[in-house]
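The sequence shown begins at 107 in our numbering and counts up by one. Glycine included, each C-beta is placed from N, C-alpha and C at the ideal position. Values in this document were obtained by computation on a predicted structure and should not be read as measured data. Notes for the one structure printed next.
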Amino acid sequence: MAADLDRLVEELEALPREQKLRLVERLQRDGFFDDGDQSWYWTPEWQKAEKEADEDIAAGRVHTFDNIDDAISFLHREAGDMESE
Numbered sequence: 107m108a109a110d111l112d113r114l115v116e117e118l119e120a121l122p123r124e125q126k127l128r129l130v131e132r133l134q135r136d137g138f139f140d141d142g143d144q145s146w147y148w149t150p151e152w153q154k155a156e157k158e159a160d161e162d163i164a165a166g167r168v169h170t171f172d173n174i175d176d177a178i179s180f181l182h183r184e185a186g187d188m189e190s191e
């Protein structure tokens, strides 16, 4: 039984991204997921945002901060720059 499950997982992981999304949509539609799971992660909208985030990370369009105060200051500066545009 475990070997069958492992094989199934491998086969699912090998599917192209679009096929995975269609499979998840079908499982959602058929009521396979309950409301307490994280099926939202596989929605087209969320996957689009994940792809954009991956592209931003790869392109170096990210910021890191040593603490929350630095992060908040950065956000305030960015918001100020947007207001002046």
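Handout entry: Boundaries of the alpha helix (DSSP H) in which Gln134 is found, first to last residue
Key = The residue labelled residue 134 in the question sits at position 28 within the sequence shown. Segment Arg123 to Arg135, the alpha helix (DSSP H) holding Gln134.
Handout entry: Own chain, CB closer than 6 Å to Thr149, minus 5 neighbours either side, in chain order
Key = Residue numbering aside, residue 149 sits at position 43 when the sequence shown is read from its first letter. Excluding sequence neighbours, Thr149 sits near nothing in its chain.
Practice task
Report the rounded CA-to-CA distance for Asp176 versus Glu151, giving the unit in angstroms.
Solution key: As a first step, residue 176 is located in the sequence shown; it is residue number 70 there, counting from the start. As a first step, residue 151 is located in the sequence shown; it is residue number 45 there, counting from the start. If you take the alpha carbons of Asp176 and Glu151, they lie about 30 Å apart.
Problem - Helix, strand or coil at Gly186 [DSSP, three-state] - result: For this step, residue 186 is matched to residue 80 along the sequence shown. Three-state result, Gly186: helix.
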